[in-house]
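Residue numbers (this note's numbering): 10 to 176.
In structure tokens form, the structure reads like this:
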């Protein structure tokens, strides 16, 4: 008994073409997913940097100085630090964030100028804000998993992030 063409099924070539097309579509989807994932990490980092900026601005408004924070002090996902005030006494600086971020606040010697910065460990971008130069958000590509102190320039009265791209 001979089967007609419609009931025999697919040939090996037809199946291989379908598998190849599905493979190509799958690889495109993975690439796009990776791009969207990086964008989400950068967006999260911008949010963390902006929140740190607001916390530092509030601290400055009350005490007329910024709170210096090292990357190591913020490794746990929160900062609870006693800051020696220039006018005498101490004040607590408290800030919480995702532990997947590295954050820092670099101040000058008088703690009157500051740069806040953040980096998500899954991202290749450091996001920074120069607190006394227009509050613009800047980004810098960093191949390292974690931010290191050498990534952030010293804080001065001028434009400290002039070599960085504006976000």
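Glycine is no exception: its CB is placed at the ideal position from the N, C-alpha and C atoms.
Next on the checklist: Looking at the secondary structure, which residues open and close the alpha helix (DSSP H) in which residue 38 lies?
Outcome noted: 21 to 72
Item to check | Cβ neighbours of residue 166 in the same chain (closer than 6 Å, five flanking residues each side left out) | outcome: 122
Checklist entry - Can you find at least 3 beta carbon pairs, one from the segment 54 to 73 and one from the segment 132 to 152, that sit closer than 8 Å? => result Flag = yes, the segment 54 to 73 and the segment 132 to 152 touch.
Item to check | 8 Å contact criterion, which residue 160 and residue 139 should meet: CB distance rounded | outcome: In fact, because the Cβ distance is near 14 Å, the residues do not count as touching under 8 Å.
Checklist entry - Can you pull the DSSP bridge partners for residue 116? => result 123, per the DSSP bridge assignment.
Item to check | Spatially closest choice to residue 150 from 163, 126, 141 and 164, by CA coordinates | outcome: Nearest option by C-alpha distance: 126.
Item to check | Same chain only: Cβ atoms within 6 Å of residue 141, ignoring 5 sequence neighbours per side | outcome: 122
Item to check | Start-to-end residues for the beta strand (DSSP E) that takes in residue 139 | outcome: 134 to 139
Checklist entry - Which residues in the same chain have their Cβ closer than 7 Å to the Cβ of residue 100, if we skip the five residues on either side of it in sequence? => result 72, 92 and 94
Checklist entry - Should residue 155 and residue 130 be called a contact, given that it needs their Cβ atoms to be closer than 9 Å? => result yes
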